[in-house]
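Residue numbers (our numbering), protein chains in the order written: chain A, 1 to 147; chain B, 1001 to 1662; chain C, 2001 to 2126; chain D, 3001 to 3320; chain E, 4001 to 4264.
A short worksheet on the structure shown next.
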Amino acid sequence: MPMNSTESFAPKIVAFCCNWCSYAGADLAGSSRLAYPADVKIIKVPCSCRVNPMFILRAFEKGADGVIICGCHPGDCHYSTGNYYARRRMTLLFSMLEYIGIEKDRVRVEWVSAAEAVKFSETMNSFVLQIKNLGENVRLGDLRCKS
Amino acid sequence: MQRIGVFVCHCGSNIAATVDVKRVALAMLSENGVVFADDYQYMCSESGQLKIAQAVKEHNLTGLVICSCSPRMHEATFRKAAEKAGINPYMVEIANIREQCSWIHKDIEQATQKAIILARAAVAKVNLNSPLIAGKSPVKKRALVIGGGIAGIQTALDIADAGFEVDIVEKTPSIGGKMSQLDKTFPTLDCSACILTPKMVDCAAHEKITIFTYSEVENVSGFVGNFTVDIKKKARYVDSAKCTGCGLCQEKCPSKKALSEFNCGLSNRSAIYTPFAQAVPNVPVIDPLQCIKLKTGKCGLCEKVCAANAIDYTQKDEIITREYGAIVVATGFDVINLDNYDEYAYSQSKDVITSLELERIMNAAGPTKGHLERMSDGKAPKNIVFVQCVGSRCADNKGKSYCSKICCMYTAKHAMLIRDKYPDVNVSVFYIDVRTPGKNFDEFYRRAVEEYGVNYIKGQVGKVTPEPDGSLTVHGVDLIDGRQVKISADMVVLAAAIEPNASVRQLATQLTASIDTNNFLTEAHPKLRPVESPTAGVFLSGVCQGPKDIPETVSQAGAAAAKVIGLLAKNELTTNPCTAHSDELLCNGCSACANVCPYGAISYQDKEVNDHGIRETRRIAMVNTALCQGCGACTVTCPSGAMDLNGFSNKQIIAEVDAICR
Amino acid sequence: MSNREEKVLQISGVNPRKCMKCGKCSASCPSYDEMDIKPHQFVSYVLNGRTKALAESKSVEKCLACFACVERCPRNVEPAKIIDAARQLNVRQRYGDTLSANDIPSLIDEDTPQQLLVSAFRKYKR
Amino acid sequence: MQELKNRIKQLMEENVAQRALGWKKGEFGYDAQAAFFESTDELDDFVYNGFCGANLSKYMIEACKKEGRTIICLKPCDTYSFNQLLKEHRIQREKAYIIGVGCKGTLDISKIKANGIEGIVDIEGADMFSSENLLKIKTVYGDHELAYSDALLERCNCCKGKEHMIFDEIIGESADTVSADRFEQIEKIEQLTSIEKFEFFRNELSKCIRCNACRNACPACNCRKCVFDSDKFDSAQKANSDSFEEKMFHIIRAFHVAGRCTDCGECSRVCPQNIPLHLFNRKFIKDINMLYGDFSAGSNCEENCPLTSYSFDDAEPGKI
Amino acid sequence: MALKYSYYPGCTLKNKAKSLDITARKCASALGFELEEIENWQCCGGVYPLGSDEIATKLSSVRALDYAKSKSQKLVTLCSACHHVIKRVNDDMKNVPDTRMRANNYLKLDTPYCGETQVLHYLEVLRDEIGFDNIAKAVKNPLKGVKIGAYYGCMLLRPSKIMEFDNPENPQIMEDFIKALGAQSVIFPYRNECCGGHVALKSPESAQKLSGKVTRSAEGFGADMLITACPLCLYNLNKNSQSDIPVYYFTELLAKALGIDSEE
């Protein structure tokens, strides 16, 4: 990937953030003025366990270049156990995506607490960079690639 | 079809300086369902809310999108405003264009574009919102206070005085906490026991307060207003009902080698013991690791001497289950382990002690009966050096990154007390900064310097070396003087950092209350909701939330009590209407959702349904909305999509995804 | 910040802004009395644009590389790296030679370990 | 086979059950189909041979809505699906009388045809209970012979075992058919580069005509109404060929049955386009076994599905 | 099978500190392990280059490390300076991408070296691989009644984050070693303070001052002798401390306790 195209490419990135930890972490990142690229758009969900794999596939189908799911650290879920289920679901989904030849770096799960503003911003910065390095998502729009 | 009004807030210049608010409003006009869009200086202000009401009326709005600060800030405000204007409060969505946009981006074009997309997603969602009605749930009129230190005691007393029942769960055999270990308190030099003991007695005597000492929280379930808590009462081997507190058993106990926790290990105690004379309850416990009878079956001396027949070697741990409307965490602190700071020779010399140990040494009930003595040889020290910030303000993974807040003041107190009682003792204090914000605090510190002649040296200590003659050389630096300083001391006192009590980690998990990277419990809002945890019904009192001194702890304890009283005073609570529900025509009755529900809110019913003319009895999932907390775990588990979540429906989230990716 | 200061920071890899001026480095330094600029002052010299003075100071040669300051710094500032970077600056600008091979015979005895010579050349000569 | 037929007849006559769920012979010798036999007369058409691959478990959902009890013939692998349906409360145990039928592997007609055998009129030697390992194939162009074991479906070559997990009685012997490792194909794909993987699956999936045969045959796909047929997820227009569901159908379907799929292989068997759909499901099974411990859906009715349980130290997503 | 290690002796051990080398090898074979000298090893430079952009000064260490990697052996050192330099360079190769990349670009090895080798000091081998209890069992002439002060110096311990040798402020390994030999260990606070050896050439007065503190502290606590792992410390303490306290390499005492003739 030549450098200049990486520079000009503005990826579409959907971030699902749980209401209790990660969304609050994002808020704290905001009030602490910890910048991260505008490419990231946050969707608030009550818990990482609310994220249906279909939402992720849907985002890719609609042209997202990366999807990141943020939740409370395991053990700290507001609903006690939600992120444990999310962890298994996403582990399997990501493994499947890799298996069918989708760059697994297009998806990520990160546990970010309400206090971890720095981690939130660093995570988003590194994720955007990762997606920029991958370039535009061409594979997962339609797996069948029918004409 | 919705009729949506979009309102873009300037938030003064907080948003408007980076986001072209007019353009955002204009862009929204071409969005599906939007019939009105406007921008305003402060949407949250009264006139801002009035604007909403007017627009609702004039344009017959059915849904609102507010582009403003985080919903965590003002969602409730705008929902109330909507309700006043005649719209269901759940027809409001917030596009967070401040925390997630204007505050983190500098480029106006970029920020404006992002704000438009965020607003678009909110509009797409509102298009699919439907009015929700909040339910009600009853409130159990009893509070649980976890931790029986000054924070827990004060909270419990305040709640009980308001007429509500309170239970205190304390891990150790007595309430009193760290304050009971202190000798004097700053800045007034009150005797700690003299002001604490009456409160402990009040607690024990209060008809509304039940104290569970030597007990721990084992399990917590439920939610605000309706918590169910299992409390483990550890076997005391002494019947509290029979014990008269005469103390004979402790006197006669032949096993006296255990280190006294209360005296920081500086003295010994018997296997059957009350931690200190004023303990509440004044009922001893038998330490099973030390008791000869419990270890070998022989002895039984305490049983023989107990006239009240209170000794019971067969006692077992007991689980008590109680219901509460509110829970207060007041688990307090501990001094950090100093293994990472061996340069101060804490592990190498008995005469290097922590400040808490010094409190015990200075205390008349302590290991030296209040005489200032070296722990190594019992000699009176002539030169004492205090080292500040041991393990505090460290960014090196060895210590704590925060300021422990209380050390400057208690060190000034110690220095002053020593100089007062033993004027011939030289006292030096190595400090990095002296931090004394607080009423009469700086005056207090200045008195230590000016009236008591305490030698304050700006600089840190690099190393303490024990010398062959039993003295200690303190290698420090005087940064003002620009010289290395070597002081030959008899005693070195380390102001070791404080950290949250280790039990808080597990407790936070049980309560689903969040903790920060230092294991302090997180408050719901650092400024506006400092005594509430983000988990409804869980409140914070004392150092478990952050370092604080006694006056601050007591104020926070009172504040937490006030919040609890406000909660318990209600007969019922409005429940979150964003709960799950299952579509009976789609439900397979497979039980997958019930398996993942953390609240046991899903049950199954055989129900007759009419599926497009076919009547049949089906096994259908039913959600108890009083129990459901709206996490959504069930919705993803459901293979047929029968289970959905109000306020965060599959369609709503997909609409947001689509709007963002468009 | 001038070129030289930037260079020192780059060579040392130190973030001087992390320093909280506690002085633990100076309290720990066995060479403190030999130094004209003291370990706790190193960061200020870099931040205040006085790196040249630092590079020309006696401290450059007096640092024992014992890493006591590195070990004990509560903020991970690592003053030893700053003073060594200042020394590197001299060495790289080719006026840092303070030891010549001709001096050696007069400085050694029959027991002098090779290690001392090797490290001395690293320390005093480019 | 006659023994089986007689026993069913007897059970129906004794009123143990009101009907039977078995296989009916088709037009050719190799197209037996699932069928209900409501009376003993109808049993004339009953067959049980190597072409009775259809897993009847799913039909039990229908049978449970009928009056009385139904005799259901289950091959060993079918019993896993039956258990899974029981666990999901989709069927009732008391409504079924299970005859576990012996199995020596089910046959793959496309494998036979792949041997260049065309115009098949009749196939002899497909009987499940005979120990003969020879298929005699009559075609319009003459007779062919093929070893029974050479014509097995892929799923039978990596059979889970010939033990019935649930039954009321067992009729007939089974024979071991394992000749391949179940996860070998998966591992091979995992070895490919990202682009090779993508090309492989794109090539396979582009053959899909969305006939829904896989979904219809799959015992785990037993939703009253499939998400792909309801409008629960898509806010946009439904069911044109570009829709989201179309594009992601197979991944979503595999995810929906993950932890529930018994690897019965019906999806691949019924696919008219011969897409190896089991490769998706088996990948999930492999991952689940590796990450969360060996799990075999339907081996019993108690064990919790790996996706509705967890442990504190599970692997982190993307880090396996 | 005897444990085999790649052995990096360093320049001083081939010259002024021969006895450290000889006794270490002899004790190794007595204790059942073998030190295989790295072929064509080059001098480590004596000091770890602190500059974050230094490459050339680290290459000799990388070559030694890569040699050990190629033999799948752990790398063992004796001299404190060599240990310090090699251990830290190894850490750079493992954890500092820039150094790793540039060093590898320069060396053009068949496969890049990325810090795979484990670097052990001889004392760590004794503690972690042989075990002090086993050494105690092998002792033939217990050093009964001898009071020995362990002088660690700087380079084995600091920076502890990288050296991971022992507690940098209250180390235990040499004391345990002394006890294993049957002697009595004397803990004195200057055992981890610098002796000033590094400036012994050009500032002998500093070296005198600092080394004097070390020996006085040890004598004050009743030490009959000192042991060290570092030839420079040994030299400096002997020459500059103005004390008569004998200083030995720790391996010399080990050899004595094991009943090994330390002559070549």
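We treat Cβ as the ideally placed atom computed from N, Cα and C, and that holds for glycine.
Leaving aside the five residues before and after Glu1318 of chain B along the sequence, list all residues of the same chain whose C-beta is less than 6 Å from its C-beta, in chain order. Lys1233
Which of the residues in the segment 4217–4245 of chain E, read from start to end, lie with their CB under 9 Å from any CB of chain C? Cys4230, Pro4231, Leu4232, Leu4234, Tyr4235, Asn4236, Asn4238 and Lys4239
Opposing strand residues paired with Pro4112 of chain E [DSSP bridges]: Paired residue(s): none; Pro4112 of chain E is not in a bridge.
Within the segment 109–134 of chain A, note down every full alpha helix (DSSP H) run reaching 4 residues or more, in order along the chain. For the segment 109–134 of chain A, whole alpha helix (DSSP H) runs of length 4 or above, ordered along the chain, are 117–134.
Interface residues of chain A facing Glu1099 of chain B [CB-CB closer than 7 Å]: Under the 7 Å cutoff, chain A gives Ala26, Asp27, Gly30 and Ser31.
Hey, could you find the ends of the beta strand (DSSP E) Gln1388 of chain B is sitting in? Asn1383 to Val1390
Looking at the structure shown, is Gln2114 of chain C part of a helix, part of a strand, or coil, going by DSSP? helix
Considering just the uninterrupted stretch of the alpha helix (DSSP H) at Ile1653 of chain B, what are its terminal residues? Asn1650 to Cys1661
Express the C-alpha separation of Ile43 of chain A and Ala65 of chain A in angstroms, rounding to a whole number. The question names Ala, but residue 65 of chain A in the sequence shown is Asp. Straight through space, the alpha carbons of Ile43 of chain A and Asp65 of chain A are spaced by roughly 15 Å.
Report yes if the C-beta of Ala2080 of chain C is less than 8 Å from at least one heavy atom of the ligand GTP; otherwise report no. Summarising the ligand content, the structure contains no ligands, and the ligand GTP is consequently not present.
Compare the beta carbon distance of Lys4016 of chain E and Gln2093 of chain C with 9 Å and say whether it is the shorter of the two. no
Evaluate the contact criterion for the segment 4233–4245 of chain E versus the segment 4209–4222 of chain E: three or more CB pairs, one atom per stretch, below 8 Å. yes
With distances taken between CB atoms, is the gap from Cys1638 of chain B to Tyr79 of chain A smaller than 9 Å? No; because the gap between Cβ atoms is not below 9 Å, this pair is not in contact.
Does chain B have any CB closer than 9 Å to the CB of Trp20 of chain A? yes
Determine, using beta carbons only, whether His4083 of chain E and Met4174 of chain E come nearer to each other than 9 Å. Their beta carbons are not under 9 Å apart, which means His4083 of chain E does not touch Met4174 of chain E by this criterion.
Residues of the segment 2043–2057 of chain C with a CB closer than 7 Å to any CB of chain E: list them in chain order, please. none
Could you check if Glu1264 of chain B is buried or exposed, using at least 16 other CB atoms within 10 Å of its CB as the buried criterion? In the sequence as displayed, the identity of residue 1264 of chain B is Cys instead of Glu. Taking all protein chains shown into account, Cys1264 of chain B has 16 or more neighbouring C-beta atoms within 10 Å of its C-beta and is therefore buried.
Arg4191 of chain E - DSSP class collapsed to helix/strand/coil: helix
Is DSSP giving Ser1428 of chain B helix, strand or coil here? strand
For the segment 1476–1504 of chain B, list every residue whose C-beta sits within 9 Å of some C-beta in chain C, in sequence order. Gly1476, Val1477, Asp1478, Leu1479, Gly1482, Arg1483, Gln1484 and Val1485
Ends of the alpha helix (DSSP H) at Arg50 of chain A? Element bounds for Arg50 of chain A: n/a, residue is neither H nor E.
So who's on the other strand from Tyr1273 of chain B, going by DSSP bridges? B:Val1285
Cβ neighbour criterion (16 or more within 10 Å) applied to Arg3253 of chain D: buried
For Ser1255 of chain B, does the three-state DSSP call read helix, strand or coil? Of the three classes helix, strand and coil, the one that applies to Ser1255 of chain B here is coil, per DSSP.
Less than 9 Å separating the beta-carbons of Ala35 of chain A and Ile1104 of chain B? Against a cut-off of 9 Å, the Cβ pair of Ile1104 of chain B and Ala35 of chain A comes out as a contact.
Tyr4106 of chain E: buried (16+ other C-beta within 10 angstroms of its C-beta) or exposed? exposed
Is it a yes or a no for the segment 1367–1374 of chain B touching the segment 1310–1327 of chain B, going by three-plus beta-carbon pairs under 8 Å? no
Among E:Gly4197, E:Gly4046, E:Glu4263 and E:Lys4239, which has the Cα closest to the Cα of Leu4078 of chain E? E:Gly4046
Does any residue of chain D bring its CB to less than 9 Å from the CB of Thr1637 of chain B? yes
Looking at the secondary structure, which residues open and close the alpha helix (DSSP H) in which Asp4021 of chain E lies? Lys4018 to Leu4031
Going by Cα to Cα distance, which pick from B:Ile1418, B:Arg1446, B:Ala1395 and B:Val1385 is closest to Phe1430 of chain B? B:Val1385
What are the boundary residues of the beta strand (DSSP E) that includes Tyr1352 of chain B? Per the sequence shown, the amino acid found at residue 1352 of chain B is Val instead of Tyr. Here the beta strand (DSSP E) through Val1352 of chain B covers Val1352 to Thr1354.
Check the Cβ-Cβ distances between Met1073 of chain B and every residue of chain A, and say whether any is below 9 Å. yes
Exposed or buried, what is Asn1588 of chain B when buried is set at 16 or more other beta-carbons lying within 10 Å of its beta-carbon? The residue is buried, with at least 16 neighbouring Cβ atoms inside 10 Å.
Ignore the nearest five residues each way along the sequence and tell me which others in Cys47 of chain A's own chain have a CB closer than 6 Å to its CB. Cys18, Tyr79 and Gly82
Whole beta strand (DSSP E) elements within the segment 1602–1637 of chain B, 3-residue minimum: 1602–1611 and 1614–1623
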